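The opening position of the sequence shown corresponds to residue 5 in the numbering used here, with each subsequent residue numbered one higher. Built from N, CA and C at the ideal position, the CB exists for glycine as well. For clarity, every value in this text was computed on a predicted model and none was experimentally measured. See below for the structure under consideration.
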Amino acid sequence: MISTEDIIKIADYFSIIAHTPGRLRVRVNPKIKNEGGNITLEDIENLPKKINGIKEIKIKKVIASVTITYEPAVFEPRLWEDLIAHKNLDEVTKLINTLAKEVV
Numbered sequence: 005m006i007s008t009e010d011i012i013k014i015a016d017y018f019s020i021i022a023h024t025p026g027r028l029r030v031r032v033n034p035k036i037k038n039e040g041g042n043i044t045l046e047d048i049e050n051l052p053k054k055i056n057g058i059k060e061i062k063i064k065k066v067i068a069s070v071t072i073t074y075e076p077a078v079f080e081p082r083l084w085e086d087l088i089a090h091k092n093l094d095e096v097t098k099l100i101n102t103l104a105k106e107v108v
């Protein structure tokens, strides 16, 4: 299971390529393979099942990018940029915890 701390840790390896409200595309640093801990691609791809407001996550391994489709009314675009930049993490953490779905 992936935690809020894991999400913040994953964001360390992302840099924004393009961002429009509802769609975020990021470049993934290859160091994530060695330093990403026990977080798997499957964990990342399954985030939409665990967090309301995230519709879909597509990972393109060949070009090392991730595209996240989300509901901007639920997850403000500014907060994605804050997460990647490691700013306002208390606010981001609070939102993620609020949006986390109960998974049985």
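| Check | Outcome |
| --- | --- |
| For Glu49, which residues of its own chain have a beta-carbon under 7 angstroms away from its beta-carbon, when the five flanking residues on both sides are left out? | Ile61 and Ile63 |
| Who are Arg82's beta bridge partners in DSSP? | Arg82 pairs with nothing; no bridge assigned. |
| Can you name, in chain order, every residue of its own chain whose Cβ lies under 7 angstroms from the Cβ of Lys35, other than the five neighbours on each side? | Tyr17 |
| For Glu75, does the three-state DSSP call read helix, strand or coil? | coil |
| Decide if Val108 is buried, meaning its Cβ has at least 16 other Cβ atoms within 10 Å, or exposed. | Legend: pLDDT at Val108 = 42, less than 50; position of this residue unreliable, no value from coordinates given. |
| Pick helix, strand or coil for Ile43, following the three-state DSSP scheme. | coil |
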